[in-house]
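Okay, structure first, notes after.
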Amino acid sequence: MLLLCISALAVCRSTASGALGFSSAALILILSAAVILVAAALVSLKLSEELMKPVYRLVRRFKASGEDSANNAAASVYEELEPVAEGADKLLDETHRIVGRLKKEKEKFSLITENMAEGMILLDSDKTVLSVNRTALQLFDPSYDTSSKLKIDEFTNDTRLLDIIAGVDNANSSRGIMKIGEQYWRVFVNKAEYAGKYSVVIILANATETIKSEEIRREFSANVSHELKTPLTTIRGFGEMMENGIISDEAEVRKYGGTIFREATRLLTLINDIIRLSEVEEESESALNDTVDLLEAARDCEEILQTKAADHEVTVEISGNSVSVRGSRTYLTELLLNLMDNSVKYNRPGGVVRVEIKGDDENAYITVSDSGIGISEADKERVFERFYRVDKSRSKETGGTGLGLSIVKHIVGLHGGKLSVSSKLGEGTRISVTLPKNNFGGENEND
Numbered sequence: 009m010l011l012l013c014i015s016a017l018a019v020c021r022s023t024a025s026g027a028l029g030f031s032s033a034a035l036i037l038i039l040s041a042a043v044i045l046v047a048a049a050l051v052s053l054k055l056s057e058e059l060m061k062p063v064y065r066l067v068r069r070f071k072a073s074g075e076d077s078a079n080n081a082a083a084s085v086y087e088e089l090e091p092v093a094e095g096a097d098k099l100l101d102e103t104h105r106i107v108g109r110l111k112k113e114k115e116k117f118s119l120i121t122e123n124m125a126e127g128m129i130l131l132d133s134d135k136t137v138l139s140v141n142r143t144a145l146q147l148f149d150p151s152y153d154t155s156s157k158l159k160i161d162e163f164t165n166d167t168r169l170l171d172i173i174a175g176v177d178n179a180n181s182s183r184g185i186m187k188i189g190e191q192y193w194r195v196f197v198n199k200a201e202y203a204g205k206y207s208v209v210i211i212l213a214n215a216t217e218t219i220k221s222e223e224i225r226r227e228f229s230a231n232v233s234h235e236l237k238t239p240l241t242t243i244r245g246f247g248e249m250m251e252n253g254i255i256s257d258e259a260e261v262r263k264y265g266g267t268i269f270r271e272a273t274r275l276l277t278l279i280n281d282i283i284r285l286s287e288v289e290e291e292s293e294s295a296l297n298d299t300v301d302l303l304e305a306a307r308d309c310e311e312i313l314q315t316k317a318a319d320h321e322v323t324v325e326i327s328g329n330s331v332s333v334r335g336s337r338t339y340l341t342e343l344l345l346n347l348m349d350n351s352v353k354y355n356r357p358g359g360v361v362r363v364e365i366k367g368d369d370e371n372a373y374i375t376v377s378d379s380g381i382g383i384s385e386a387d388k389e390r391v392f393e394r395f396y397r398v399d400k401s402r403s404k405e406t407g408g409t410g411l412g413l414s415i416v417k418h419i420v421g422l423h424g425g426k427l428s429v430s431s432k433l434g435e436g437t438r439i440s441v442t443l444p445k446n447n448f449g450g451e452n453e454n455d
């Protein structure tokens, strides 16, 4: 620049008397300076680009969000920027490792929660829904958009659930039971605090079987108490009268003594049936190791019931083929005995009980039908309940406990079978049982 000025002045002096004046020289000088400034600007721009390349490279790596870069940001960097580039490179790598680890943890958490049989809802301190797993969505709102961030009272209007959740406002946890449709759910609500803030975790566990079992147990206990109380009261009353000499006539003693004997027998039968039902309910499939010929078992039951059938003037007919299944010989014989005994007890004089045994490659089929009093439509749904009797007065006369068909139902369930009943009042009853052969192999089949 200085050389350019000196040259311009020299030109002005040498040409002061010539065609060019001082003003022309100044113009040349200004134009030269402008050219030099433009050139300097271009050079500076090029140098700036070279200087910022490493920085731009770092920015692109950050934007790549975890994508691997073949070029190291610290490579080809001006000496003054090397510490910055290296530090940024290490920070970026560490960030990628942390993000990757968090991503894997999130995927693992999602896999667990989405496959839980329990429902899970996560709320923040404002009761806004942050997360809902698949089970909870199915219970409350399958169409809910998990990104909508609704309040819990907007997500569901179930007042019982909202009341249980409200319990954590003054405590760290809350518990309760709610009914959704035909199912019962235990609700566990816990508050999780962190850094002065808290979230609410809601777990819903299906308790339908447990609660229904508790109801059945309570009902069973009440029924047992009632059933035991009736014969014991009779026995005690007549025994007390005989002890105090109120009943002294020999004929009366024989009469009331017979009543005491029958009530004691009924009481013993009831206790045995209760014990038997309890045993069947607690039995496992590991005990089903016998090879049982159902036709042979039916004929054994026919012999056992021969006297009772004759007393009731009922004929028992056995037909079908020899079909073997794998199971418990004791339980399957009891199943047939209970079905045939009921058909004899609730039949008419001159009636018939027909037992048919059939089978195919996979299942065995037992059908017990009679020409007895039949079952009404209302009673048909309840005949397999414990202590339920279609004809209570007749059950007392015949010594029935109301547990026989309940025992049958549990034996069929233990063997993985199916049970059905068809009947018309006054026209008889037909009970059908299907039992899987459990891949017996067919070596004893003659069907």
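Take 9 as the starting number for the sequence shown in my numbering and just add one per residue.
The beta carbon of each residue, even a glycine, is placed where N, CA and C say it ideally should be.
For tyrosine 206, report the span of its beta strand (DSSP E) as first-last. For tyrosine 206, the uninterrupted beta strand (DSSP E) segment begins and ends at 205-214.
Pick from Ile210, Ser430 and Val300 that is closest to alanine 386, judged by C-alpha positions: Ranking the options by Cα distance to alanine 386, first place goes to Ser430.
Enclosing beta strand (DSSP E) for glutamate 325 [first to last residue]: 323-328 is the extent of the beta strand (DSSP E) around glutamate 325.
Of the residues Lys199, Lys135, Ala306 and Ile415, which one's Cα is nearest the Cα of leucine 170? Among Lys199, Lys135, Ala306 and Ile415, the Cα nearest to that of leucine 170 is on Lys135.
Within the stretch 218-304, ranges of the alpha helix (DSSP H) (whole runs, at least 4 residues): If we require 4 residues or more, the alpha helix (DSSP H) runs fully inside the stretch 218-304 come out as 258-290.
In the structure shown, what three-state DSSP assignment does lysine 187 receive? DSSP places lysine 187 within a strand segment (E or B) once states are collapsed to three.
Residue from Asp177, Asn178 and Arg194 with nearest C-alpha to isoleucine 185: That would be Arg194, whose Cα lies nearest to the Cα of isoleucine 185.
Can you check the stretch 105-186 for any alpha helix (DSSP H) of at least 4 residues that lies completely inside it and give the ranges in chain order? The stretch 105-186 contains, as complete alpha helix (DSSP H) runs of 4+ residues, the segments 142-148, 160-163 and 167-174 (chain order).
Cβ-Cβ distance between valine 288 and leucine 427 below 8 angstroms: Contact: no.
Only counting the same chain, and skipping five residues up and downstream in sequence, which positions put a Cβ closer than 8 angstroms to that of glycine 380? Excluding residues within five positions, the ones whose Cβ falls inside 8 angstroms are Ser351, Tyr354, Asn355, Arg356, Gly359, Gly436 and Thr437.
From lysine 445 to glutamate 304, what distance separates their C-alpha atoms? Straight-line Cα distance between these residues: approximately 16 angstroms.
So tyrosine 339 is in the alpha helix (DSSP H); what residue range does that whole segment cover? Its alpha helix (DSSP H) spans residues 337-353.
Using the beta-carbon count (16 or more within 10 Å), is serine 336 buried or exposed? With 16 or more other Cβ atoms from the protein chains shown falling within 10 Å of its own Cβ, serine 336 counts as buried.
CB of alanine 144 within 8 angstroms of CB of asparagine 214, strictly: No.
So if DSSP puts isoleucine 439 in a beta bridge, which residue, or which two residues, is it bridged to? The partner list for isoleucine 439 (beta bridge, DSSP) reads Val376 and Val429.
Assuming contact is defined by CB atoms lying nearer than 8 angstroms, are valine 300 and leucine 340 in contact in what I supplied? Note that the C-beta distance between valine 300 and leucine 340 is below 8 angstroms.
Please identify the residue among Ala230, Gln146 and Arg225 whose C-alpha is closest to the C-alpha of glycine 189. The alpha carbon of glycine 189 has as its nearest neighbour, out of Ala230, Gln146 and Arg225, the alpha carbon of Gln146.
When the distance is taken between beta carbons, is alanine 306 closer than 8 angstroms to isoleucine 282? Result no, Cβ atoms of isoleucine 282 and alanine 306 do not sit closer than 8 angstroms.
Glutamate 389, DSSP secondary structure in three states: Reduced to three states, the DSSP call for glutamate 389 is coil.
According to the Cβ coordinates, are valine 441 and isoleucine 374 closer than 8 angstroms? Yes. Within cutoff.
Do leucine 443 and asparagine 371 have their C-beta atoms closer together than 8 angstroms? A contact, by the Cβ cut-off of 8 angstroms.
From the DSSP output, in three-state form, read off glutamate 370 for me. Three-state DSSP puts glutamate 370 in coil, outside helix and strand.
Can the beta-carbon of isoleucine 173 be found closer than 8 angstroms to that of valine 208? For the pair isoleucine 173 and valine 208, the CB atoms are nearer than the 8 angstroms cut-off.
I want to know whether the stretch 235-247 touches the stretch 257-275 - three or more CB-CB distances under 8 angstroms. With three or more CB-CB distances shorter than 8 angstroms, the stretch 235-247 counts as touching the stretch 257-275.
Residue range of the alpha helix (DSSP H) that leucine 331 falls in? Looking at the sequence shown, residue 331 is not leucine but valine. Judged by DSSP secondary structure, valine 331 falls outside any alpha helix (DSSP H); it is assigned neither H nor E.
DSSP on arginine 194, reduced to helix/strand/coil? DSSP places arginine 194 in strand when its eight states are reduced to three.
Distance between beta carbons of serine 414 and leucine 285, contact taken as under 8 angstroms: For leucine 285 against serine 414, the beta-carbon gap comes to about 6 angstroms, under 8 angstroms, which counts as contact.
Distance, Cα to Cα, glycine 382 vs leucine 302? If you take the alpha carbons of glycine 382 and leucine 302, they lie about 25 angstroms apart.
Aspartate 308 versus methionine 128: straight-line alpha-carbon distance, rounded: Approximately 56 angstroms between the Cα atoms of the pair.
Measure how close the beta-carbons of aspartate 378 and valine 361 come, nearest whole angstrom, since I'm counting them as under 8 angstroms. The beta-carbon distance between aspartate 378 and valine 361, rounded to whole angstroms, is 5 angstroms. This is short enough to meet the 8 angstroms contact definition.
Between the alpha carbons of leucine 39 and arginine 105, how many angstroms are there, rounded? Separation of leucine 39 and arginine 105 (C-alpha to C-alpha, rounded to the nearest whole angstrom) is 58 angstroms.
Go to isoleucine 456, then tell me how far its alpha helix (DSSP H) extends in each direction, as first and last residue. Outside the shown range of the chain, which is 9 to 455, sits residue 456, and nothing can be said about it.
With distances taken between CB atoms, is the gap from glutamate 342 to isoleucine 419 smaller than 8 angstroms? The criterion of a C-beta distance shorter than 8 angstroms is satisfied by glutamate 342 and isoleucine 419.
Less than 7 angstroms between C-beta atoms, sequence neighbours within five positions excluded: which residues of the same chain meet that for phenylalanine 163? Here the set comprises Val137, Phe148, Asp149 and Tyr152.
Please report the residue range of the alpha helix (DSSP H) in which lysine 316 lies. 314-319 is the extent of the alpha helix (DSSP H) around lysine 316.
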